[in-house]
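Residue numbers (the working numbering), protein chains in the order written: chain Y, 1 to 561; chain D, 1001 to 1561.
Virtual Cβ for every residue (Gly too), placed ideally from N, Cα, C.
Just so it is clear, the structure is predicted and the values come from calculations on it, not from any experiment.
Protein chains: 2
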Amino acid sequence: MKAPAADDELVFLPLGGSGEIGMNLNAYGYGPPDARQWIIVDIGVTFGREDTTPGVELILPDPAYLEDERDNIIAIVLTHAHEDHIGALGWLWPRLKVPVYATPFTAALVREKLREHGLLEKVPLTEIPLKGNLKLGPFDIDFVTLTHSIPEPNGLAIRTPLGLIWHTGDWKIDPDPLIGETTDEAKLREMADEGVLAMVCDSTNVFVEGTAGSEAEVREKLTEVIKKRKGRVAVTAFASNVARVETALLAARAAGRTPCLVGRSMIRIYNAAKSVGLLRDTPQVIDEDDADTLPDENILFLCTGSQGEARAALSRIARGDHRNVSLRQGDTVIFSSRVIPGNEAAIHKLHEQFLARGVELVTADSEHLIHVSGHPARDELKQMYAWARPRIAIPVHGEQRHIREHVKLALELQVPEAIGPNNGDMIRLAPGPATVIDEVPAGRLYVDGANIIPAEDDSLKDRRRLGAEGSAHVSLALSGKNAIVAGPTVNVRGISMPDEEDFELALEKLEDAAKAAFQRLKHQEREDDELVEQAVMRSVRKAAEKLWRKRPLVDVTVLRL
Amino acid sequence: MKAPAADDELVFLPLGGSGEIGMNLNAYGYGPPDARQWIIVDIGVTFGREDTTPGVELILPDPAYLEDERDNIIAIVLTHAHEDHIGALGWLWPRLKVPVYATPFTAALVREKLREHGLLEKVPLTEIPLKGNLKLGPFDIDFVTLTHSIPEPNGLAIRTPLGLIWHTGDWKIDPDPLIGETTDEAKLREMADEGVLAMVCDSTNVFVEGTAGSEAEVREKLTEVIKKRKGRVAVTAFASNVARVETALLAARAAGRTPCLVGRSMIRIYNAAKSVGLLRDTPQVIDEDDADTLPDENILFLCTGSQGEARAALSRIARGDHRNVSLRQGDTVIFSSRVIPGNEAAIHKLHEQFLARGVELVTADSEHLIHVSGHPARDELKQMYAWARPRIAIPVHGEQRHIREHVKLALELQVPEAIGPNNGDMIRLAPGPATVIDEVPAGRLYVDGANIIPAEDDSLKDRRRLGAEGSAHVSLALSGKNAIVAGPTVNVRGISMPDEEDFELALEKLEDAAKAAFQRLKHQEREDDELVEQAVMRSVRKAAEKLWRKRPLVDVTVLRL
Chain Y
1 MKAPAADDEL
11 VFLPLGGSGE
21 IGMNLNAYGY
31 GPPDARQWII
41 VDIGVTFGRE
51 DTTPGVELIL
61 PDPAYLEDER
71 DNIIAIVLTH
81 AHEDHIGALG
91 WLWPRLKVPV
101 YATPFTAALV
111 REKLREHGLL
121 EKVPLTEIPL
131 KGNLKLGPFD
141 IDFVTLTHSI
151 PEPNGLAIRT
161 PLGLIWHTGD
171 WKIDPDPLIG
181 ETTDEAKLRE
191 MADEGVLAMV
201 CDSTNVFVEG
211 TAGSEAEVRE
221 KLTEVIKKRK
231 GRVAVTAFAS
241 NVARVETALL
251 AARAAGRTPC
261 LVGRSMIRIY
271 NAAKSVGLLR
281 DTPQVIDEDD
291 ADTLPDENIL
301 FLCTGSQGEA
311 RAALSRIARG
321 DHRNVSLRQG
331 DTVIFSSRVI
341 PGNEAAIHKL
351 HEQFLARGVE
361 LVTADSEHLI
371 HVSGHPARDE
381 LKQMYAWARP
391 RIAIPVHGEQ
401 RHIREHVKLA
411 LELQVPEAIG
421 PNNGDMIRLA
431 PGPATVIDEV
441 PAGRLYVDGA
451 NIIPAEDDSL
461 KDRRRLGAEG
471 SAHVSLALSG
481 KNAIVAGPTV
491 NVRGISMPDE
501 EDFELALEKL
511 EDAAKAAFQR
521 LKHQEREDDE
531 LVEQAVMRSV
541 RKAAEKLWRK
551 RPLVDVTVLR
561 L
Chain D
1001 MKAPAADDEL
1011 VFLPLGGSGE
1021 IGMNLNAYGY
1031 GPPDARQWII
1041 VDIGVTFGRE
1051 DTTPGVELIL
1061 PDPAYLEDER
1071 DNIIAIVLTH
1081 AHEDHIGALG
1091 WLWPRLKVPV
1101 YATPFTAALV
1111 REKLREHGLL
1121 EKVPLTEIPL
1131 KGNLKLGPFD
1141 IDFVTLTHSI
1151 PEPNGLAIRT
1161 PLGLIWHTGD
1171 WKIDPDPLIG
1181 ETTDEAKLRE
1191 MADEGVLAMV
1201 CDSTNVFVEG
1211 TAGSEAEVRE
1221 KLTEVIKKRK
1231 GRVAVTAFAS
1241 NVARVETALL
1251 AARAAGRTPC
1261 LVGRSMIRIY
1271 NAAKSVGLLR
1281 DTPQVIDEDD
1291 ADTLPDENIL
1301 FLCTGSQGEA
1311 RAALSRIARG
1321 DHRNVSLRQG
1331 DTVIFSSRVI
1341 PGNEAAIHKL
1351 HEQFLARGVE
1361 LVTADSEHLI
1371 HVSGHPARDE
1381 LKQMYAWARP
1391 RIAIPVHGEQ
1401 RHIREHVKLA
1411 LELQVPEAIG
1421 PNNGDMIRLA
1431 PGPATVIDEV
1441 PAGRLYVDGA
1451 NIIPAEDDSL
1461 KDRRRLGAEG
1471 SAHVSLALSG
1481 KNAIVAGPTV
1491 NVRGISMPDE
1501 EDFELALEKL
1511 EDAAKAAFQR
1521 LKHQEREDDE
1531 LVEQAVMRSV
1541 RKAAEKLWRK
1551 RPLVDVTVLR
1561 L
């Protein structure tokens, strides 16, 4: 490896996932400050929520800084296939247009995404074998096999002329992951002997004592629980946890039940897993349409929707409006999943809906080991620090609380330096002590239908107002002499009164207010559409507030003859 | 007491709070099925939430059934002054128009509410002394002193010719409640000796082992924690917990800090408490405007907003936009409160905002006894059953899960009968075994500005759509001959595109779609405004969906010259 030049620096820049959950976007830069070369590690999404971001399906990290640096970016390297690590690729790749590298299972899911975006032929996507190596300009990267809750989780050992960065990605230490190899401990020790400059590490479960537990333990427990149940059984889990999906399929067989996949992403991942040679010895699944032909005690539904997503299979079943699947008294839903922060209320509602139907629930709260996390608990973090022995600890992948606590833990473990970054903090890792040398813009973009808009966009403020206060629209037609020749007609949405007649009278009052406002204008002012609109708008808004104590968004259209 | 007639029945009808948290509304009926006399016990609200019910401040139980029975209702009796027990009075009293009974502190807060509604002179409100008695037709009611998280919590011993009902209201067993007397154990034992037909009982904390803990323990802990802190300290708690407010005020004094009340409801309850002789020996509070004159280590803010309510004091402080109060590195916020289910995300956000400012947090999770619940944990429930020895257990005041678990607990405790009702279940308590004999309509009403509307109202569906998808309004003016003389002009709200010019072009496309739709109509169809509106609406909606993958609410105004 080339020796570093005198003004070469190595920097780390998180643009997503530091100070928040999800939406990971990390960049490493190498070179003199005015001519850095970059690699991007992961490019994920967060999901929009019906309650807090209505109409927004996905939330992306704002790549503005990297867009400006586009000519200096060598590649995007993906650690694993979770949506919070790869989900933004289809949306943001056109802004970056650089090659992409991933291991086979990740690549399979990425290809599917790119196909949906019509980008399959455009994006140079290279498969890297597990434990493979990749040379990208000043970066020499080893893929290191770890364990997590999805096939092929990789950490990246990123060698540079100024030192080795150990980027963990998402991981845990699963002694028996069921799918894939165990943690490549030998490689970690080897790295440590070489000397790890900085470890950029998952913080999700820093508050959890002990260890995460193993997929093998879940297999045992889930099989035992399902065997005991009499009526229909539905299991919900993250589809991407292929080991868990395999567990549910095998547990079904052990309990004399035929599995049935319910929900688009469950079927999608099932097929992706099959395509890379996984799930080979699992029982045949039955089509949803045919599930009703089986007796209750011979069916097991494996469903999406563990987070209470309103449109996912499980929520539909809970509401009783799923086309093919119904659950009732004596049936059981098993949540082989955790509650992602922010989803408490939605999951809670789901539980209540099932309970109201007499459906029994089994959750990680009621049954230990019905789920295990894919992220390292405290003892696993300690083990990783013992293995890697980094000079600098950079906790990422967590909210403020996690990152702060992780910094504390690292310092307790005698790591010489620890910095907990916020998105946009550019940290110089070498030369010299780790320091935040710049703060670059870091924000969120919302996928709103086909548009990608900034989270602060006025249209979203308008929507919040519309959602809370409703809307009123005033139309009026003016003659060439600025006389009203038709209207004003007021159209109100999102506000109603118990009595229909009262409402008609109220509309008349708004029309009167519009007319009065127009008539108060001087002749000359009536020439100016904008003045007319402003005056009418203000008057109608005031009248609406007086009538209803609501502040609808009022718009006015002036038609000129 | 008169002997029961042959066809007399005693029924219990919950219309709020059974199968959900909050919004308590209970009714007891006595007499023959076609001529029952009723009393209402409590009439509360639930709070609307910005995320799930935008624009809706309060949610009320739908009293439709009781409205129909209005002539047969003798009175509304209030157990205590929490909003989920009295909050709907001002909104629903005009539909019921019956006398109201409450103990003095409750009455003080009720009067304030009635004043706001302009009902103070209209509502016959009678104060009942603590441990007082009240005779209402066939009902003979003793107020029984309990302990809870507000002054003057009463259970009601409701004697009828067919037996005694023990309606607990909200309670715990606090051996040292600091304000008010301890649980009137003697009275409970006396009731049991007389024979309790049915106990209608709080289920909130049925999943919590042990006991709730005492306000006195919180006083000790909170004082200790505050004394240790160096910078500014803010404490948040429910204002209605006057003992807790007193604790914060006294702890401030003990720590050499001057207390400052922040938030309207904090000041309101403080004054109400003073008005009934409470908070006599607490230190003088400083006005918010003057807080900045004190050194950091000499001020204690007592704030509303423990649930992350966006407009409450604490959220403003967290966002850094409170007029008078700011917190920074080295300051502390103490949450002497619990997380009400549904508020997790809002509170979580609040915590993250404070952490991002370097403010330290003390919560019930990090410090035991910084808060205690006002509701009975399992051991307290067992104690109550041991005292009251009811023949029938009717768990209320809880969601599905709580009520089901409480039924199980009661049966384990050898209560002969237990029924967990849903809102609207009319339960015959006597004669014969407890049975659901009817299901009456029970729903929710939303306070939307000045209007009270059903939760299923179309206006709210429209608002959800507006909030997620935005709106488009088309105006066009037609001549007497049905020719377009102006417009169509399209106005879009809540949808934007990154490029302004693209957006202008998109609007033109929508106008073209509107025009084309009109032109496709036969001459005769153009006479009919509704037909024109429908055709234009559909065409514009389709065009918007194609352009943006959004489905805005499209309205059309046809102006006729």
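query = If you measure beta-carbon to beta-carbon, which residues of the stretch 479-493 of chain Y are closer than 7 Å to chain D?
reply = Cβ contacts with chain D: Val485, Ala486, Gly487, Thr489, Asn491, Arg493.
Chain-ordered neighbours of Ala425 (chain Y) on chain D, where CB pairs are closer than 9 Å
Rather than Ala, the amino acid found at residue 425 (chain Y) in this sequence is Asp. The premise fails here: Asp425 (chain Y) is roughly 12 Å from chain D at the closest Cβ pair, so nothing lies under 9 Å.
| Taking Cβ-Cβ distances shorter than 9 Å, what residues in chain Y pair up with Gln1329 (chain D)? | Residues of chain Y whose Cβ lies closer than 9 Å to the Cβ of Gln1329 (chain D) do not exist, since the nearest Cβ in that chain is about 12 Å away.
Check your understanding: Can you tell me whether Gln1524 (chain D) is buried or exposed, with buried defined as 16 or more other CB within 10 angstroms of its CB?
Key -> With fewer than 16 other CB atoms across the displayed protein chains lying within 10 angstroms of its CB, Gln1524 (chain D) is exposed.
Using the three-state DSSP reduction, which class does Gln400 (chain Y) fall into: helix, strand or coil? The answer is helix: DSSP assigns Gln400 (chain Y) an H, G or I state.
**Request:** Would you check if the distance between the CB atom of Ile86 (chain Y) and the CB atom of Ile39 (chain Y) is smaller than 7 Å?
**Result:** No, Cβ-Cβ distance for Ile86 (chain Y) and Ile39 (chain Y) is not below 7 Å.
Query raised in the report: Going by alpha carbons, who is nearest to Val362 (chain Y) out of Y:Thr211, Y:Ala234, Y:Gly443?
Result: Comparing Cα positions, the closest option is Y:Ala234.
> How many Å lie between Met1426 (chain D) and Phe1012 (chain D) at the Cα?
Replying inline: Inter-residue distance for Met1426 (chain D) and Phe1012 (chain D) is about 6 Å (C-alpha atoms, whole angstroms).
| If contact means a Cβ-Cβ distance below 8 Å, which residues of the stretch 1080-1109 of chain D contact chain Y? | The residues in question: there are none.
**Message:** If you reduce the DSSP assignment to three classes, tell me which class His371 (chain Y) lands in.
**Reply:** His371 (chain Y) falls in the coil class under three-state DSSP.
Under the assumption that Val1359 (chain D) contacts Thr1332 (chain D) (Cβ atoms under 8 Å), give the Cβ distance between them as a whole number of angstroms. Going by Cβ atoms, the distance from Val1359 (chain D) to Thr1332 (chain D) rounds to 7 Å, so yes, they are a contact pair.
Of the residues Y:Pro4, Y:Asn24, Y:Glu57, the one placed nearest Pro32 (chain Y), counting alpha carbons only
Closest by alpha carbon: Y:Pro4.
| query | With DSSP run on the structure shown, which of helix, strand or coil describes Ser315 (chain Y)? | reply | Secondary structure at Ser315 (chain Y): helix, using DSSP grouped into helix, strand and coil.
Quiz prompt | Interface partners of Gly1470 (chain D) on chain Y, CB under 8 Å | solution = Under the 8 Å cutoff, chain Y gives Gly55, Ser459, Asp462, Arg463, Leu466.
(request) Please work out which residues of its chain come closer than 8 Å, Cβ to Cβ, to Pro433 (chain Y), disregarding the five sequence neighbours upstream and downstream, and give them in chain order. (result) Excluding the 5 residues flanking it on each side, Pro433 (chain Y) has same chain C-beta neighbours closer than 8 Å at Glu417, in chain order.
task: Answer yes or no: do Arg217 (chain Y) and Leu314 (chain Y) have a C-beta to C-beta separation smaller than 7 Å?
output: Residue 217 (chain Y) is actually Glu in this sequence, not Arg. Note that the C-beta distance between Glu217 (chain Y) and Leu314 (chain Y) is not below 7 Å.
Original post:
Is Glu344 (chain Y) close to chain D, meaning its C-beta is less than 7 Å from at least one C-beta of that chain?
Top reply: So yes, Glu344 (chain Y) belongs to the interface.
Compare the C-beta of His1397 (chain D) with all C-beta atoms of chain Y and state if any pair is closer than 7 Å.
False, the Cβ-Cβ gap to chain Y never drops below 7 Å.
Review point. So which residues on chain D does Glu352 (chain Y) lean against when the C-beta distance must stay under 9 Å?
Key: Contacts between Glu352 (chain Y) and chain D, judged by CB atoms closer than 9 Å, involve Gly1019, Glu1020, Glu1399, Gln1400, Arg1401 in chain order.
Asp1142 (chain D) to Lys230 (chain Y) span [Cα, whole Å]:
Whole-angstrom Cα-Cα distance: 48 Å.
Consult DSSP for Leu553 (chain Y) and reduce its assignment to one of helix, strand or coil. Per DSSP, reduced to three states, the secondary structure at Leu553 (chain Y) is strand.
| Expected contact under 8 Å - CB spacing of Leu1249 (chain D) and Glu1215 (chain D) to nearest Å | Distance from Leu1249 (chain D) to Glu1215 (chain D) at the Cβ level is roughly 14 Å; contact not present, criterion being Cβ atoms closer than 8 Å.
Would you mind telling me which residues of chain D sit closer than 9 Å to Thr557 (chain Y), beta carbon to beta carbon, in chain order?
Near Thr557 (chain Y) (Cβ distances below 9 Å), the residues of chain D are His1473, Val1474, Ser1475, Gly1487, Thr1489, Val1490, Asn1491, Thr1557.
- Query: If you draw a straight line from the alpha carbon of Ala1364 (chain D) to that of Trp1171 (chain D), how long is it in whole angstroms?
  - Reply: The straight-line gap from Cα to Cα measures roughly 20 Å.
### Task
Would you mind working out which of Y:Arg401, Y:Asp379, Y:Asp529 sits nearest Glu209 (chain Y), comparing C-alpha positions?
The candidate whose alpha carbon is nearest that of Glu209 (chain Y) is Y:Asp379.
Item checked: Burial state of Lys274 (chain Y), where buried means 16 or more other Cβ atoms lie within 10 Å -> Result: exposed.
DSSP bridge partner residues for His1473 (chain D) (one or two, in chain order): BP columns for His1473 (chain D) point to D:Asn1491, D:Asp1555.
**Asked** Taking Pro568 (chain Y) as the reference, which of Y:Ser496, Y:Gly44, Y:Pro341, Y:Ser326 has the closest Cα?
**Response** The displayed coordinates of chain Y run from 1 to 561. Any statement about residue 568 (chain Y) would go beyond what the structure contains.
Inset, instruction - Along the beta strand (DSSP E) that carries Pro104 (chain Y), what are the first and last residues, could you check? - result: Not the beta strand (DSSP E): Pro104 (chain Y) falls in the alpha helix (DSSP H), residues 104-116.
Note to self: On the criterion of 16 or more Cβ atoms from any shown chain inside 10 Å, does Asn423 (chain Y) qualify as buried, or is it exposed?
What the structure shows: Flag for Asn423 (chain Y) reads buried.
- Ala1430 (chain D) lies in the alpha helix (DSSP H); which residues open and close that run? Taken as a continuous stretch (DSSP letters only), Ala1430 (chain D) belongs to no alpha helix (DSSP H), being part of the beta strand (DSSP E) at 1425-1430.
Select from the stretch 1432-1462 of chain D all residues with a C-beta closer than 8 Å to any C-beta belonging to chain Y, and list them in chain order. Contact annotation: in the stretch 1432-1462 of chain D, residues whose CB is within less than 8 Å of a CB in chain Y are Asp1448, Gly1449, Ala1450, Asn1451, Ile1452, Ile1453, Asp1457, Asp1458, Ser1459, Leu1460, Asp1462.
Checklist entry - Does DSSP classify Gln1037 (chain D) as helix, strand or coil? => result It is a strand residue.
**OP:** May I ask you to report which of helix, strand or coil DSSP gives Glu67 (chain Y)?
**Re:** Helix, per DSSP.
* By how many angstroms is the C-alpha of Thr1183 (chain D) removed from the C-alpha of Ala1239 (chain D)? -> Ala1239 (chain D) and Thr1183 (chain D): Cα-Cα distance of roughly 22 Å.
When the cut-off is 7 Å and only beta carbons count, does Asp51 (chain Y) lie next to chain D? For Asp51 (chain Y), the answer is yes, since a Cβ of chain D falls inside 7 Å of its Cβ.
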